[in-house]
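Right, one structure below, let's go through it.
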Amino acid sequence: MASLSLRRPAAEPEFAAELAERLEAVEAPTAAGLAGLVERLSGSHPLKAAATHVVQAWLMQYTLRQARENCAFYRDRDIYQSLALPEPGTPIDLSGLPVIDRRIAVAHAEEIVSDRLELRQICHSSGTTGMPIEIHKSYAEVAFIGAYFTALFQPLRQRIGTLPLSLSFPNVNHGMPVPIPGFGKGFHGGVTDDTLIRDAVRVLQRTYRIPGHASRIKILAGLEHHILFFTSYLLEQGIDPRSFQLQAVNITGNFVARHWLDFLAESWGTLINDRFTLTELIGGASRLGLSDEFVLDAQIFGEVVNDHGRSVEEGPGRLCLTGMAPWVQMHPLIRYDTGDLVWRTRRDDTPHLTFRFLGKQRNVIARERGGRREYLVFSAVLNEILSPIPDIRLYDWFSNVRCALDRSIGSLPTMAVRYDEPAGETPLLRIALELRYAPHCFRPRVEELVKRLTAQLRAVEGTVLAAAMDAGELELKFDFLPPEGLKEPIVIKI
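According to full-length UniProt numbering, the sequence shown holds residues 1 to 494 in order.
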């Protein structure tokens, strides 16, 4: 792999050109070489940003070459036969390639999956945000993933005197998990029945004697609704989560509202790592501290695009990701539309794509005006608005856990959102919400909720709701229903 020096003075163009030339001489990336590059390129140094763009362009060329070699879908289509390289040090532009959405990925699965690599395992998406899809992993790429993360974590392992113990709540939502090396030793538990959740508490409370490792669990990890429910259960039992003195709580899965992030941070008194991950890729994105922004992992190339597949430099658009080779080999998805609508942000401290989640494309409410899409409601923002309101009923994800008092914690607001433009009538935006009580018994409170929600939705950046309402172009209506009163399909993933 090419060596990299940031110590000597160098002009950015010359530095980028030299690195590009060195990389061109490399036959294929290696796990150790890429781990070294990723470690050295982290940070906000201007030369590191230029070098990152060079590495991404080189890896994207390699990704396309491997996709043509391994997969008929890319091999047989002229548009994938070449990719123009940018000026060294500037971002690569993929807008000349088509976007692959879930529908295309499923319809052409046999062509996209490699006909030359040996299958090791199949993962899958349950289809809660679109058509179900199976993702194939080869022996070669899983071996590379293990070698890469082993090399990436090695410097940190050497600096840590005592390795941590972790407790994770795995799930089978996505089939066979990809083995990724971590730190220390891991314990598996669960929260979905009385036995599992009580045993999870026991694992946290006891001490262990494992040479070179901490004597207690130091890291808790799992899907966000599992961690939220478990946290609430501990508090119900009179157990202070802070008493475990964890070093970190790692969550992934559904989009988490600020109210619930603050609840976790306050309850555990430690760092909350919020991760966005996809079965179709390896890795994903991490929330930047306490902000609402996420930044992509180094092994993923990201774009935010408009309806025509052109890049959006800032503002709302569809999130498109490419898992680069050699992290992804058997089932490459180049310019894959994840089904998420995001707000692209601009930062000077990272060359990687940063964004805020606005919601699943299928849940976001928009209208067409003059050939242009105008947004009325972002589902993720609606969830943010609803989450701190205790009146809103949450659907029950943990009905089987009888030892818990409130089995709704971690679940989403029970709601349905619909926009209709009937001919000759004023368009209607209807938001139906279940309350924890019969709304006709608390009419003044319901009126307060209508005023509060209307004001908050009108103030959302990037939407035209306020202007449309003021112009008489639509009517906003809230339907508040008693428990179990909502009979239409509800939003199950933000």
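Think of the CB as a built atom: it goes at the ideal place given N, C-alpha and C, for glycine as much as any other residue.
- Here the stretch 355-364 makes no contact with the stretch 79-97; the two share fewer than three CB pairs at distances below 8 Å.
- Cβ contact annotation for R318 (same chain, cutoff 6 Å, sequence separation greater than five): V305 and D337, in chain order.
- Restricting attention to F73, R65 and R75, the CA atom closest to the CA of A84 is found in R65.
- Distance from I389 to L228 at the Cβ level is roughly 16 Å; contact not present, criterion being Cβ atoms closer than 8 Å.
- Taken in chain order, the whole beta strand (DSSP E) runs of length 3 or more contained in the stretch 146-226 are 163-169, 185-188 and 213-223.
- P413 is bridged by DSSP to L394.
- Between L296 and G289 the beta-carbon gap is near 16 Å, outside 8 Å, which marks them as no contact.
- For L376, the enclosing beta strand (DSSP E) stretches over residues R372 to V377.
- Rounded to whole angstroms, the gap between the alpha carbons of I494 and W343 is 15 Å.
- Leaving aside the five residues that flank A366 on each side, the residues in its chain whose CB is nearer than 7 Å to its CB run, in chain order, R373, E374, Y375 and L376.
- In this structure, the alpha-carbon of G36 lies about 10 Å from that of S42.
- With a cut-off of 8 Å on Cβ pairs, the stretch 66-82 is in contact with the stretch 100-115, counting three or more such pairs.
- Looking at the backbone, the Cα of G284 and that of N250 are separated by about 14 Å.
- Straight-line measurement puts the Cα of S82 at about 42 Å from the Cα of A257.
- Going by DSSP, R445 is part of the alpha helix (DSSP H) stretching over R443 to R458.
- Cα atoms of K477 and V417: separation of roughly 10 Å, rounded to the nearest angstrom.
- By the Cβ rule, the stretch 311-325 does not count as touching the stretch 45-54, because fewer than three pairs are nearer than 8 Å.
- For L64, the enclosing alpha helix (DSSP H) covers residues P46 to N70.
- In the DSSP annotation of this structure, the continuous segment of the beta strand (DSSP E) that includes I272 starts and ends at L271 to T277.
- By DSSP's assignment, S125 forms a beta bridge with I133.
- CA-to-CA, the gap between L341 and V364 works out to about 8 Å.
- With a beta-carbon spacing of about 7 Å, L474 and L428 fall inside the 8 Å limit used to define contacts.
- In the structure shown, the three-state DSSP call for T426 is coil.
- Within a 10 Å sphere around the beta-carbon of M415 sit 16 or more other beta-carbons, which makes this residue buried.
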